[in-house]
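Residue numbers (the numbering used here): 332 to 1057.
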């Protein structure tokens, strides 16, 4: 749509909204004013000015707020009048906020006056309008940067009656440039309260001036550790290496937490001098400082850093060793892979250190590294098994792929034993089931009594209640067989039923951790998703036929990421009869395979009973551009009750780029009382907006559709809102 037609249709929209403003009910009039303000078309300024004194307070407030979007000088006298003469506190607040948006010298006097507003305008809820007026004036003067406001702003700092946050006032003073910065630096140097000095240091982060930098450098000698830290952060933000020396001084601070942060600040400034200073902290007596120094060296790099970090691998502290491992991985120097592979193979090494090693080895991978990772695939630690697979994926070489394939095919499985990291579900996986199908009884030692044999695990509230009731019932039945169980009231039964259903749902969401001899294959399937060679596709397809549903799911997800049509025939049987999660994953995988049969499957799945399957189908159909797909998406858009599926259908229709589909998106905007009016409006902004606007205007012009007027107004507002990111 060209500029002329855009202007014409926008004028048509404005005319329709103005008609609502003049003739609609109060609620719709407010919506119309808000829409006119957000459309930001200067042609509506005179009308908005006419309604600043509207008989409906909400319309008047919205008109004032809308005028602030334009910064039009012709409206300024009216806004001034609203601020100075209005008796309604809300009018004063909206007026000063609109004035503050002008951002020029012409409004400074009103804003300074607003700083001095100190009258009782407390409403029934305890809100005082003067608080908002003061705050708005402070923030606006800071944006304008008017030196004339410095004296008034400074006087507010220690006034106990002022409720504006001290930090906001200090930031406004910094915005007032030289005079304001001088006030803030004086506060940083002289104020007796450490809290105020901290806030001054924080505010000066926005003051890139010599006087501010000098004050911050001096504050790094403050008695309060937090003041020193805030000053260092602000000073480091200027990236001025002339102030490295005071930053270096903090590396020797008496407080470890200061030294820890100073390390990172110095590293951000960079340079050989920074590296030398940080190297010296590897001998610090605080382990947190040494760990921070190691992390910083990982960013700075260099031969000296590698040598020092290799030495740090011998530290007795776990966190220090871990930081050294991570830092060596960032540098990626191949000299480190021997030491790291040795530590990885050491089962006596702390698990935190070993878990960090596979990722570190990626940047320095060679055949020796891949061999070390291969040996770790079956480690007893589940997290280590997982990160090892991901490291092999990230290495991405043919050798790494071969290891992953071997793991997927069960060649690198650890023995099926229960280890401490497997969790309760593993015990279920490993339970022995007799041939007759009955559950095996747990073995008991000769020294274990019947009471000790059953260890009571954690129970839900309902289980606890049920157990208590059961015990009580058993006791009563033993004492008297004639006792009759008391019937629960219907409302209690309903509550217990709902709670029990919720509990079961929570249990279904819990992640089931398979035994080590199973999860190696799962991890491998996920990692192989980045490879697309024939052997990978065939191996993943073979997993689909196995009985492990979780392995099937991982394989299907991987095949979907690969998008190789050689897997298509293997996926089709999973579309029906499998679990909901597997059917969803299969539908999504098929959507990555653009052939005629896949297209037809996706069309059919728009009618599936599972909403996740329908969602995957709707999203996948966006890549097809033909009438059959369009008609199916249109029908589903209007018929589905799920908002996410409607939006997915609408997006796919927009991708199809057929003007006739505008009509159905407009209809969708009105579904369920306009639940998705804004989403549909946003889609229609670049999808034939002229045609969509005419249809929404037709609704506005129909008195019998007054119920839908708000939907139409807000959809039009969304379509014609300027400078909106897609």
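Ideal placement from N, C-alpha and C gives every residue a C-beta, glycine not left out. The structure presented is a predicted model; accordingly, all values stated were derived computationally and were not measured.
How is residue 459 classed by DSSP in three states: helix, strand or coil? Of the three classes helix, strand and coil, the one that applies to residue 459 here is strand, per DSSP.
Burial state of residue 707 (16 or more Cβ within 10 Å): A residue is called buried once 16 or more other Cβ atoms fall within 10 Å of its Cβ, and residue 707 is buried on that count.
What three-state label does DSSP hand residue 570 in the structure shown? In the structure shown, residue 570 sits in coil (DSSP, three-state: anything other than H, G, I, E or B).
Among residues of its own chain, excluding the 5 on either side of residue 434, which ones have a beta-carbon nearer than 8 Å to its beta-carbon? For residue 434, the CB contacts under 8 Å within the same chain, skipping 5 residues up- and downstream, are 402, 471, 474, 475 in chain order.
In whole angstroms, what is the alpha-carbon distance linking residue 341 and residue 366? When only Cα atoms are considered, residue 341 and residue 366 end up about 12 Å apart.
In whole angstroms, what is the alpha-carbon distance linking residue 1001 and residue 489? Cα to Cα, the separation comes out at about 54 Å.
Tell me which residue opens and which closes the alpha helix (DSSP H) that residue 1037 is part of. Careful: residue 1037 lies outside any alpha helix (DSSP H) and carries neither H nor E.
Let me know if residue 653 comes out buried or exposed under the rule of 16 or more other beta-carbons within 10 Å of its beta-carbon. Looking at its Cβ environment, which holds 16 or more other Cβ atoms inside 10 Å, residue 653 is buried.
For the alpha helix (DSSP H) that contains residue 678, what are its first and last residues? Per DSSP, residue 678 belongs to no alpha helix (DSSP H) and is neither H nor E.
Measure the beta-carbon distance from residue 535 to residue 505 and round it to whole angstroms, keeping in mind my assumption that it falls under 8 Å. So it is a contact: roughly 6 Å between Cβ atoms.
In or out: residue 917 buried (at least 16 other Cβ within 10 Å) or exposed? Its Cβ being crowded by 16 or more others within 10 Å, residue 917 is buried.
If we call anything under 7 Å between Cβ atoms a contact, is residue 556 one with residue 589? Taking 7 Å as the Cβ cut-off, residue 556 and residue 589 qualify as a contacting pair.
By DSSP, does residue 582 sit in helix, in strand, or in coil? Coil at residue 582, not helix or strand.
Any 3 or more C-beta pairs closer than 8 Å across the segment 848-862 and the segment 884-892: Proximity of the segment 848-862 to the segment 884-892 meets the contact definition, three or more beta-carbon pairs being nearer than 8 Å.
Note the first and the last residue of the continuous alpha helix (DSSP H) segment covering residue 911. Run containing residue 911: 911-921, per the alpha helix (DSSP H) assignment.
On a CA-only basis, which of 1033, 1053, 1034, 1027 is nearest residue 1044? Give me that one, please. Ranking 1033, 1053, 1034, 1027 by Cα distance to residue 1044 puts 1027 first.
Between 562, 947, 942, which lies nearest to residue 923 when the distance is taken from Cα to Cα? Per the Cα distances, 947.
Measure from the alpha carbon of residue 673 to the alpha carbon of each residue in 700, 994, 971, then state which is nearest. Out of 700, 994, 971, 700 has the C-alpha closest to the C-alpha of residue 673.
Same chain, Cβ closer than 6 Å to residue 554, neighbours up to 5 away in sequence not counted: The answer is none, since no qualifying residue turns up.
Sequence-distant residues of its chain with Cβ nearer than 6 Å to residue 897 (five each side left out): Once the five neighbours on either side are set aside, the close Cβ partners of residue 897 are 868.
Assigned secondary structure, residue 759 (DSSP; H/G/I helix, E/B strand, else coil): Its pLDDT being 34, under 50, residue 759 is placed unreliably by the model, and nothing is read from it.
By the three-class DSSP mapping on this structure, what secondary structure does residue 998 have? Under the three-state reduction of DSSP, residue 998 is assigned to helix.
Cβ-based neighbour list, residue 777, same chain, cut-off 6 Å, excluding 5 preceding and 5 following: Any reading at residue 777 is ruled out, since the residue's pLDDT is 41, under 50, leaving its predicted position unreliable.
Going by CA-CA distance only, name the one from 537, 502, 538, 545 that's closest to residue 527. Ranking the options by Cα distance to residue 527, first place goes to 502.
Three-state secondary structure (DSSP) of residue 656: Note: residue 656 maps to helix in three-state DSSP.
Please confirm whether residue 424 and residue 390 have their CB atoms less than 7 Å apart. No; because the gap between Cβ atoms is not below 7 Å, this pair is not in contact.
C-alpha distance - residue 561 paired with residue 359, whole-angstrom precision: Rounded to the nearest angstrom, the two C-alpha atoms are 50 Å apart.
Take residue 484 and list the residues in its own chain whose beta-carbon comes closer than 6 Å to its own, dropping the five residues that flank it on each side. Closer than 6 Å at Cβ, skipping near neighbours: 500, 503, 504.
Can you list, in chain order, the residues of its chain whose CB lies under 6 Å from that of residue 875, leaving out five sequence neighbours each side? 883, 886, 901, listed in sequence order.
Quick one: using the 10 Å Cβ neighbour count with 16 as the cut-off for buried, is residue 794 buried or exposed? Only weak support is given to the placement of residue 794: the predicted model assigns it a pLDDT of 48, under 50, and the question is left unresolved by the model.
Go through its chain and collect everything with a Cβ distance to residue 477's Cβ below 6 Å, but skip five positions before and after it. Non-local C-beta neighbours of residue 477 in its own chain, meaning closer than 6 Å and more than five positions away in sequence, comprise 439, ordered along the chain.
Thinking C-alpha only, which one of 935, 563, 628, 952 is nearest residue 661? Closest option to residue 661, Cα to Cα, is 628.
What does a CB cutoff of less than 7 Å around residue 394 pick up in its chain, not counting 5 residues either side in sequence? Setting aside the 5 residues that flank it on each side, residue 394 is surrounded in the same chain by 364, 379, 382, 383, 385, each with a C-beta closer than 7 Å to its C-beta; the list follows chain order.
Using DSSP with H/G/I as helix, E/B as strand and the rest coil, what is residue 947? In this structure, residue 947 counts as helix in the three-state DSSP scheme.
Separation of residue 997 from residue 931, as counted between CA atoms: Their backbone Cα atoms lie some 27 Å apart in a straight line.
Which same chain residues, not among the five before or five after residue 705, have their C-beta less than 6 Å away from its C-beta? Answer for residue 705: 734, listed in chain order.
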